[in-house]
């Protein structure tokens, strides 16, 4: 095999497939990037058996062939090469020689035979949206998936298509994040749970440009993202997702309009009095025109008032400040509306059209003091 | 006590004194910043008993007083306050109230009585140089002090003044870094060993501007840096520093002139084949007009040729690549000269005037292969 790339093209393709290289695995071949130039096209593949990425690298095939190279070493070499043409050549002993200007690296390769190629997946349903939108919708929801695997479904996000609206939902038992996007076109209804890891990795590869498109295909067990020269295939999470509709309610006793940035900065200041892992709530006291925030901890106490627009009852309620911060950070509106019922019921931060809904459970506080 | 600051002035002063707050200590009072407004001047002090910093904060004294506040919490609070006037007020129970706009923090303080004020040091000899120069000279030598405390003297740097030249030396048993600066003015000869930690911290506070001055005072056991509104006092390291003159020699068998950037990039590429902690040398083969670099490891091998100007004998010699990288990184010259004797003798990277000298011991290699 003998291939020539520009360094920048090579680095781009390697960086993309690196996202599906597992850091630990019992199958050493999966720690490799497969370079397949058995045709006139150069295809890079990586696969951790749950997530797989395939990308077409721009380069010239001088001699066809296939080789699997240790992903970490190979990517490090490429990263540090001078900005010039890079030649990759293999010999009969599967040693790869990587040459760029006067630098010459030799690294041992593996035959591609044992490599786990991506599963062949039937491509039927497909939706198309901009890379910007997909990247945004992931960023705006991914923080409220559960970190631990006790409930597998909570580690993923629901992607639901209904009436040509894509609804993305994540929840961890303490909060729910919901984002809705209207799709351009007619699509059959669909409901799948996509692993959080897949979404995290794909959002790192997406260009984030409004003008770049991404197509999403659904099959029985897989979701496929196709964009630019790249295909990402991921297993879906099995099982019926939580019925969230019954947790959402449009009844409320108190409605607050507040400047988002002021609210966020204030909570951010308050959290410095909370040690990592400590579960001190921030106490919010809502009265006419004023929201008082208060936190008390072993380190000290903090109090701050923020001007608000309020309708309905006064209320005092406690929250885990992190949950408020996470939600407020991904809302672009200058002003947000908060809906509350009582100190034990969840609060909702949502816009009028419910394009976003953030539900947060309160923390029990001793309101008598 | 009642003081008013602008947030930016307060943050600046707090950030400066934070550099001498110990992260762990058996004396909790040392984890505090002392705010002393017993006169009309506001002085912030921190002290870890080896290094102490005192800075005058710009602010208004509405009511005189003294208090010690937990440095970490206090600095975190200041950092996150809105950009406006900040008031610090203490009550008779030593509780400090920090107010800015509508935010109000209460944190417990301590009486200043137990605080270890900076030692009173007699100020005799003093040299003056630009903050830029001092910051540079530290950066250019600090990497070759020893990390472990087996030999206390190796954890510091020699500051030697002789014939109005300041010579700064660091060494760790494998290499020596020397920088010389001509001083403007007449100064008595002096020789002290300054703790590396002091130099690291002070270089973070120095502005790095050519037009800003710093005065350095020497006493029996201390060194004092005075600049802007700040005084840094540090203990010196006791003992006679190593006699380095006998390790330096101007004899050589081979002299090489090489482009610094090419050389540095090449070694940097080679090191990716060396695992952290692994002691693989880079092998340098010097012939007429060409320097060949080679590294072999379990991960693979690398070879690269660089054009050089050479005079004297051919030589093959091995080095710890990190030592070469460290020295080359802090040399500003486009082209560097390397002087070699034989594969077992140290090499010197130095300029013609010996304003800098980097001595590096070679690694034994099997030159027969």
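Residue numbers (our numbering), protein chains in the order written: chain A, 6 to 374; chain B, 6 to 374. Don't be surprised by glycine CBs; every beta carbon is placed ideally from N, CA and C.
Could you check whether the Cβ of residue i sits closer than 8 angstroms to any Cβ belonging to chain A?
i                     : result
residue 110 (chain B) : yes
residue 107 (chain B) : yes
residue 277 (chain B) : yes
residue 81 (chain B)  : yes
residue 374 (chain B) : Note on residue 374 (chain B): pLDDT 41, under 50, position unreliable in the model; the coordinate value appears next. Closer than 8 angstroms: no.
residue 326 (chain B) : no
residue 29 (chain B)  : no
residue 128 (chain B) : no
Would you report the Cα separation of residue i and residue j, rounded to the nearest angstrom?
i                     : j                     : result
residue 112 (chain B) : residue 83 (chain B)  : 12 angstroms
residue 57 (chain B)  : residue 244 (chain B) : 21 angstroms
residue 206 (chain B) : residue 25 (chain B)  : 8 angstroms
residue 221 (chain B) : residue 177 (chain A) : 58 angstroms
residue 216 (chain A) : residue 234 (chain A) : 15 angstroms
residue 339 (chain A) : residue 28 (chain A)  : 40 angstroms
residue 172 (chain A) : residue 193 (chain A) : 14 angstroms
residue 149 (chain B) : residue 186 (chain B) : 18 angstroms
residue 23 (chain B)  : residue 54 (chain B)  : 14 angstroms
residue 126 (chain A) : residue 250 (chain A) : 32 angstroms
residue 37 (chain A)  : residue 51 (chain A)  : 7 angstroms
residue 301 (chain B) : residue 323 (chain B) : 12 angstroms
residue 44 (chain B)  : residue 170 (chain B) : 40 angstroms
residue 20 (chain B)  : residue 79 (chain B)  : 11 angstroms
residue 230 (chain A) : residue 329 (chain A) : 31 angstroms
residue 132 (chain A) : residue 142 (chain A) : 15 angstroms
residue 184 (chain A) : residue 214 (chain B) : 50 angstroms
residue 358 (chain A) : residue 255 (chain A) : 12 angstroms
residue 16 (chain A)  : residue 332 (chain B) : 29 angstroms
residue 68 (chain B)  : residue 40 (chain B)  : 13 angstroms
For my contact list, residue i and residue j are in at a C-beta cut-off of 8 angstroms; report their separation, rounded to the angstrom.
i                     : j                     : result
residue 268 (chain A) : residue 311 (chain A) : 6 angstroms
residue 3 (chain B)   : residue 163 (chain B) : This structure cannot speak to residue 3 (chain B), because chain B is shown only from 6 to 374.
residue 180 (chain B) : residue 363 (chain B) : 7 angstroms
residue 136 (chain A) : residue 211 (chain A) : 4 angstroms
residue 86 (chain B)  : residue 12 (chain B)  : 5 angstroms
residue 91 (chain B)  : residue 114 (chain B) : Rounded, the Cβ-Cβ distance is 16 angstroms, inconsistent with contact.
Is there at least one Cβ from chain B nearer than 8 angstroms to residue i's Cβ?
i                     : result
residue 159 (chain A) : no
residue 308 (chain A) : yes
residue 271 (chain A) : yes
residue 40 (chain A)  : no
residue 85 (chain A)  : yes
residue 304 (chain A) : yes
residue 181 (chain A) : no
residue 78 (chain A)  : yes
residue 113 (chain A) : yes
residue 274 (chain A) : yes
Grouping DSSP H, G and I as helix and E and B as strand, with all else coil, what is residue i?
i                     : result
residue 248 (chain B) : coil
residue 290 (chain B) : strand
residue 354 (chain A) : strand
residue 5 (chain B)   : With chain B represented from 6 up to 374, any question about residue 5 (chain B) goes unanswered, as that position is not in the structure.
residue 299 (chain B) : strand
residue 220 (chain A) : strand
residue 73 (chain B)  : strand
residue 34 (chain B)  : helix
residue 180 (chain A) : strand
residue 67 (chain A)  : strand
residue 27 (chain A)  : coil
residue 240 (chain B) : strand
residue 84 (chain A)  : helix
residue 22 (chain B)  : helix
residue 129 (chain B) : coil
residue 272 (chain A) : helix
residue 324 (chain A) : strand
Taking Cβ to Cβ, would you say residue i is nearer than 8 angstroms to residue j?
i                     : j                     : result
residue 202 (chain A) : residue 165 (chain A) : no
residue 42 (chain A)  : residue 74 (chain A)  : no
residue 59 (chain B)  : residue 48 (chain B)  : yes
residue 259 (chain A) : residue 345 (chain A) : yes
residue 108 (chain B) : residue 299 (chain A) : no
residue 272 (chain B) : residue 348 (chain B) : no
residue 238 (chain A) : residue 124 (chain A) : yes
residue 317 (chain B) : residue 361 (chain B) : no
residue 321 (chain A) : residue 278 (chain A) : no
residue 294 (chain B) : residue 313 (chain B) : yes
Of all Cβ atoms in chain D, is any one closer than 8 angstroms to the Cβ of residue i?
i                     : result
residue 311 (chain B) : In the structure shown, chain D cannot be found, because the protein chains are A and B.
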